[in-house]
Amino acid sequence: MANRTASRPANGQNKICQFKLVLLGESAVGKSSLVLRFVKGQFHEFQESTIGAAFLTQTVCLDDTTVKFEIWDTAGQERYHSLAPMYYRGAQAAIVVYDITNQDTFSRAKTWVKELQRQASPNIVIALAGNKCDLSNKRMVECEEAQAYAEENSLLFMETSAKTAMNVNDIFLAIGSSLKNSINTTNNKIYVSEKIAEK
């Protein structure tokens, strides 16, 4: 279970970062189940479809940084697709979810990735989650295929199971680490340029 509260280091130098994260993907791939598992450590066998979008928050501790995720869990039904830009606009991260037992949801995930690459923030961190890996006996999407696609498109990738909790916390933590590192890199560049300016 992810930490709800992050303890401050002894030197008190704990940075706090807040990131907007959106989940995208077809209906019934398990987006809400992933969020519920990450935020509350729960799994419901019969999860009702999200209407519009649901909003949840979760805080995790990564080394000297407290990361607060503002999570928008969007509805997967086609009639809500036009609302998606409202949620991913300004997001620092996105998890595009597909169901490993359904090839169509993987194809649709690729469409979401293209849309994010075209319309979302240029530096957005995109993760691809192959959910329902507890149903590997019904697998229709090979892990290697998804991994290769993720590498071609510079995506984080993990197969997950909201039911067993496999890799659920890990994918959110990987996103948090990536975002934290990008902020540190940006801050260092600003710091270096200020030093040069002083000379």
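Everything in the sequence shown is counted per the numbering used here, starting at 375 for the first residue and increasing by one. Glycine included, each C-beta is placed from N, C-alpha and C at the ideal position.
Counterpart residues of residue i in DSSP-defined beta bridges
i: GLY504; result: TYR472 and GLU533
i: GLY399; result: VAL471
i: LYS442; result: GLN392 and THR433
i: VAL499; result: ALA467
Proximity to residue i [Cα-Cα], best of the options
i: PHE443; options: ALA449, GLN451 and THR433; result: THR433
i: ASN497; options: LEU529, ALA483 and GLN416; result: LEU529
i: ALA468; options: GLU419, LEU410, TRP446 and PHE417; result: TRP446
i: THR431; options: VAL413, ASP438 and PHE417; result: VAL413
i: LYS506; options: CYS391, ALA402, PHE393 and LEU436; result: ALA402
i: VAL471; options: LEU553, PHE531 and THR439; result: PHE531
i: GLN493; options: ALA465, LEU410, LEU553 and CYS391; result: ALA465
i: SER551; options: LEU410, PHE429, ARG411 and VAL441; result: VAL441
i: SER510; options: ALA449, ASP473 and TRP486; result: ASP473
i: ASN541; options: GLU519, ALA520, ASN388 and ASP508; result: ASP508
i: THR448; options: VAL487, ASP438, PHE429 and THR439; result: PHE429
i: SER456; options: TRP486, THR439, SER481 and ASP437; result: TRP486
Delimiting residues of the alpha helix (DSSP H) encompassing residue i
i: VAL487; result: 477 to 493
i: MET460; result: 458 to 462
i: VAL413; result: 405 to 414
i: ALA520; result: 517 to 526
query: Should the segment 498 to 506 be regarded as contacting the segment 519 to 529, the criterion being three or more beta carbon pairs within less than 8 angstroms?
result: Judged by Cβ distances under 8 angstroms, the segment 498 to 506 makes contact with the segment 519 to 529, as three or more pairs qualify.
field: At least 3 beta-carbon pairs within less than 8 angstroms: the segment 393 to 413 vs the segment 461 to 473
entry: Contact between the segment 393 to 413 and the segment 461 to 473 is present, because at least three Cβ pairs lie under 8 angstroms.
- prompt: How do the segment 529 to 537 and the segment 399 to 409 stand: do at least 3 beta-carbon pairs fall below 8 angstroms, yes or no?
  reply: Under the three-pair Cβ rule at 8 angstroms, the segment 529 to 537 counts as touching the segment 399 to 409.
message: Check whether the segment 466 to 485 and the segment 513 to 520 touch, using three or more Cβ-Cβ pairs below 8 angstroms as the test.
response: A contact exists between the segment 466 to 485 and the segment 513 to 520.
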